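Student: Protein sequence lines correspond, in order, to chains A and B. The opening position of the first sequence corresponds to residue 1 in our numbering, with each subsequent residue numbered one higher. The opening position of the second sequence corresponds to residue 1001 in our numbering, with each subsequent residue numbered one higher.
Protein chains: 2
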Amino acid sequence: MSFAAPESLAEQIAKHLAQRIIAGELQSGERIQEARVVNELDVSRGSVREALLILEQRYLINILPRRGAVVAHLTEKHVTDLYALYVNLLTMVGAEVAQRWRDEDLEPLYRLWKQMQRYAAEGDQALFIDSGFTVMHEGLRISGNDYLRQVLEDLQPAVQRTYALAVRRYPAEIQHALQFFADLLLAVQQRNTAVIPSVVQTYGHHQTGIVLAALAEETAECA
Amino acid sequence: MSFAAPESLAEQIAKHLAQRIIAGELQSGERIQEARVVNELDVSRGSVREALLILEQRYLINILPRRGAVVAHLTEKHVTDLYALYVNLLTMVGAEVAQRWRDEDLEPLYRLWKQMQRYAAEGDQALFIDSGFTVMHEGLRISGNDYLRQVLEDLQPAVQRTYALAVRRYPAEIQHALQFFADLLLAVQQRNTAVIPSVVQTYGHHQTGIVLAALAEETAECA
């Protein structure tokens, strides 16, 4: 495995480890040993340390005083708390975008929407999920609030981890997500800020339920 | 200056630099040179690098590709965006606390409230501001949402920076803040979740205005 510019080395290492946590290869409570990552990726200890700080900031690991880095646990409470915050922030993005979009902003959103439909039809889960988050990033760009952008970018990997878990078990969920994006984009296009909270909350509530069901199944299997 | 346990060295260095930014000693756009911090505090380069990453996560500095660490700019847009997010999250904390508090949670809140009244009467701005944030931390403890806690803890120094700027210029603001906390604690005690959004938003709107006025004065003086 080799890493190249332009992202910082620490960021690349963080993304690589994040991918493994999201895919479920590295599991809750599993230790991530600095020295092992240094050897496997042939990178400096300093870069790995920085990467672990980035992953902690993104809620994927905890760095414990004497134990080092451990993949963050995912309990019912984690999922409920994470989605409560995520839904609140997405509602804020949706409302801002509905108020602020200009004509030139709609075309990229429609293009992403077409892409999501295609990935859904082809059953490509990973690309579908990625393009869903790309819609969020596009919304953050339109909203222009850099604080909100950083907070949501930091939360994204943890949300992606729970969502990937749910979709692995319930692939039909993609159709549900597609309908949510259709409703959301319509509300945005109509500048219907009044309806956005309920659109986002309804879907957020549904998604929380699906993730909790997937988590309960997984826990039962591992027990 | 010397640093001791139990916080990590990086965290201590970060807090020290944060204090200087909040107090206005290090100003918008000013460079923070790694080597200089290493010499001044007699600490390792690695610890300073980690401290700078922490400060970037807390919105106090930007780390730029070739220029290194620079104190984050504070424009009208920064203040407006920061408070839009902060007010939204504080509303969430307030609503959660109003729903969740148990009998044993009220006593620490009242004690903090008494403390704030005393600091206000004594005109001790720094301690007053600190105890205001302690109320927030107490609220986060009661809400129990660790994601919300981390996001608000990361935002706090940037908010504190703007608020310290405002209070330095308008010391009478403390009375306004005191009234806000009185209204908020009453709504929480009455479990009146319906009124919390407007209490927080009204104060947030006022505070945004005061910070912007202080910022405009400062900018005019420096021009």
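We put the beta carbon where it would ideally sit given N, CA and C, even for glycine. Bear in mind that the values here come from a model prediction, so they are computed numbers and not experimental data.
Closest Cβ-Cβ distance between A/M136 and chain B: below 8 Å?
Tutor: no
Student: Taking 8 Å as the CB-CB cut-off, is A/V151 touching chain B?
Tutor: So, interface residue.
Student: Looking at C-beta atoms only, is the number of pairs between the region 1175–1187 of chain B and the region 1071–1078 of chain B that lie closer than 8 Å three or more?
Tutor: no
Student: Could you tell me the alpha carbon to alpha carbon distance between A/V93 and B/G1139, rounded to whole angstroms?
Tutor: 25 Å
Student: Consider the Cβ of A/Q146: report whether some Cβ of chain B lies at a distance smaller than 8 Å.
Tutor: For the sequence presented, residue 146 of chain A should be read as Asp rather than Gln. For A/D146, the answer is yes, since a Cβ of chain B falls inside 8 Å of its Cβ.
Student: Any C-beta of chain B within less than 9 Å: which residues of the region 47–58 of chain A qualify?
Tutor: From the region 47–58 of chain A, only R49, E50, L53, I54, Q57 have a Cβ closer than 9 Å to chain B.
Student: Does the beta-carbon distance from B/I1021 to B/R1161 come in below 8 Å?
Tutor: yes
Student: 8 Å is my cut-off, CB to CB: does B/L1155 come that close to chain A?
Tutor: yes
Student: Quick one: list the residues of chain B neighbouring A/D105, beta-carbon separation under 7 Å, in chain order.
Tutor: Under the 7 Å cutoff, chain B gives no residues; its nearest Cβ is about 18 Å from A/D105.
Student: How about A/A5: is its C-beta nearer than 8 Å to some C-beta of chain B?
Tutor: Unreliable placement is indicated for A/A5, whose pLDDT of 44 sits below 50; the coordinate value is still reported in the next sentence. Not closer than 8 Å to any Cβ of chain B, the Cβ of A/A5 fails to qualify, so no.
Student: Are A/W101 and A/V188 touching if we call contact CB-CB under 8 Å?
Tutor: yes
Student: Give me the DSSP bridge partner(s) of A/G68.
Tutor: A/L64
Student: Which one of A/P171, A/G29, A/H16, A/H78 has the shortest CA to CA distance from A/V48?
Tutor: Closest in C-alpha terms to A/V48, from the list A/P171, A/G29, A/H16, A/H78, comes A/H16.
Student: Taking A/L82 as the query, report the chain B residues whose CB atoms sit under 7 Å from its CB, ordered along the chain.
Tutor: Y1147
Student: Quick one: what does DSSP say B/R1031 is sitting in, helix, strand or coil?
Tutor: B/R1031 falls in the strand class under three-state DSSP.
Student: Within the continuous alpha helix (DSSP H) that includes A/E295, where are the two ends?
Tutor: This structure gives no information on residue 295 of chain A, because the portion of chain A shown stretches from 1 to 223.
Student: So A/Q85 contacts chain B; which residues on that side make the cut at Cβ distance below 9 Å?
Tutor: It is worth fixing the name first, because residue 85 of chain A is Leu in this sequence and not Gln. Those are L1089, M1092, N1145, Y1147, L1148, V1151, listed as they occur along chain B.
Student: Where does B/R1066 land, buried or exposed, given buried means 16+ other C-beta within 10 angstroms?
Tutor: exposed
Student: Buried or exposed for A/T91, going by 16 or more other Cβ atoms inside 10 Å?
Tutor: buried
Student: Is DSSP giving A/D130 helix, strand or coil here?
Tutor: helix
Student: Over the uninterrupted alpha helix (DSSP H) stretch that includes B/H1073, give me the two end residues.
Tutor: Taken as a continuous stretch (DSSP letters only), B/H1073 belongs to no alpha helix (DSSP H), as it is neither H nor E.
Student: With A/I129 and A/Y163 assumed to form a contact (beta carbons below 8 Å), what rounded beta-carbon distance in angstroms separates them?
Tutor: About 6 Å separates the CB atoms of A/I129 and A/Y163; that is less than 8 Å, so the two are in contact.
Student: Check whether the region 1136–1154 of chain B and the region 1103–1112 of chain B are in contact - that is, three or more C-beta pairs closer than 8 Å.
Tutor: yes
Student: With DSSP as the reference, label B/T1208 as helix, strand or coil.
Tutor: helix
Student: Applying the criterion that 16 or more other CB atoms from any shown protein chain within 10 Å of the CB defines a buried residue, is A/P171 buried or exposed?
Tutor: exposed
Student: Would you mind giving the Cβ-Cβ distance between A/V159 and A/Y86, rounded to the nearest angstrom? I have them listed as a contact below 8 Å.
Tutor: 6 Å
Student: At 4 residues or longer, what runs of the alpha helix (DSSP H) sit wholly inside the region 1163–1206 of chain B?
Tutor: 1173–1189
Student: Does the separation of the CB atoms of A/N145 and B/D1081 fall below 8 Å?
Tutor: yes
Student: Return the Cβ separation of B/A1014 and B/L1055 in integer angstroms, given the expectation that the two are a contact with Cβ distance under 8 Å.
Tutor: 5 Å
Student: On the three-state DSSP scale, how would you describe A/N145?
Tutor: A/N145 sits in coil when the DSSP states are folded into three classes, being neither helix nor strand.
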